[in-house]
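Undergrad:
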Amino acid sequence: MMAHVSSGSVVPPSLMALDQIEQAQPNPDAALIAKCDRFCTTNADWDRLYDGGQTLDADSLAGENVRLMDEIAALPARTASGRNAKLKAVQALWPDGLGEGFELVQSVLDDFRAAG
Numbered sequence: 198m199m200a201h202v203s204s205g206s207v208v209p210p211s212l213m214a215l216d217q218i219e220q221a222q223p224n225p226d227a228a229l230i231a232k233c234d235r236f237c238t239t240n241a242d243w244d245r246l247y248d249g250g251q252t253l254d255a256d257s258l259a260g261e262n263v264r265l266m267d268e269i270a271a272l273p274a275r276t277a278s279g280r281n282a283k284l285k286a287v288q289a290l291w292p293d294g295l296g297e298g299f300e301l302v303q304s305v306l307d308d309f310r311a312a313g
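Residue numbers for the sequence shown follow the working numbering, beginning at 198 and rising by one.
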């Protein structure tokens with residue numbers, strides 16, 4: 198996007214103007230981000246309940262978690278914020294790691310997050 202000035206020349210918009218334009222646009226990954234946020238919350242609740250011995254209450258959240266995982270997996274991330282939301286969801290599944298090899302998986306996740 199270029200701005201025309203009275204002299205007829207074209208100047209690029211300022212970074213501030215670009216930020217304002219970007220913020221005004223709806224995020225194409227808004228639904229994905231919301232699902233990822235919901236998954237992180239319900240997964241943490243499930244862990245808390247299950248670890249506390251409340252397995253029946255934890256089971257009620259398990260169905261929602263599975264549904265959310267399927268929905269998240271079916272939605273392609275189109276923005277950096279969408280990719281980062283998916284990364285958070287993956288990390289919510291295995292906060293303590295997967296055992297052998299998890300360092301490699303974590304490194305890949307960190308690289309994608311850093312690339313933003």
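Idealized CB from N, CA, C, for every residue including glycine.
None of the values given here were measured: they were computed from a predicted structure.
Taking the alpha-carbon positions, what's the residue 281 to residue 268 distance?
TA: Here residue 281 refers to the residue found at position 84 of the sequence shown. Here residue 268 refers to the residue found at position 71 of the sequence shown. Cα to Cα, residue 281 sits roughly 16 Å from residue 268.
Undergrad: Checking 8 Å against the spacing of the C-beta atoms, do residue 235 and residue 284 come in under that value?
TA: As a first step, residue 235 must be located in the sequence shown, where it is residue number 38. As a first step, residue 284 must be located in the sequence shown, where it is residue number 87. No, the Cβ-Cβ distance between residue 235 and residue 284 is not below 8 Å.
Undergrad: In chain order, what residues of the same chain have a beta carbon less than 8 Å from the beta carbon of residue 259, not counting five sequence neighbours either side?
TA: Within the sequence shown, residue 259 is the residue found at index 62, counting from 1. Correct list, in chain order: 243.
Undergrad: So residue 237 and residue 289 are supposed to be a Cβ contact under 8 Å. How far apart are they, rounded?
TA: Position 40 of the sequence shown, counting from 1, holds the residue named residue 237. Position 92 of the sequence shown, counting from 1, holds the residue named residue 289. Contact flag correct, Cβ pair sits at about 4 Å.
Undergrad: In the structure shown, what three-state DSSP assignment does residue 276 receive?
TA: The sequence position of residue 276 within the sequence shown is 79, counting from 1. Three-state result, residue 276: coil.
Undergrad: Sort 301, 246, 253, 277 by Cα distance to residue 229 and report the nearest one.
TA: Numbered from its first residue, the sequence shown carries residue 229 at position 32. The candidate whose alpha carbon is nearest that of residue 229 is 277.
Undergrad: So which of 274, 287, 227, 303 has the shortest CA-CA distance to residue 263?
TA: Here residue 263 refers to the residue found at position 66 of the sequence shown. Residue 263 has its Cα closest to that of 287, out of 274, 287, 227, 303.
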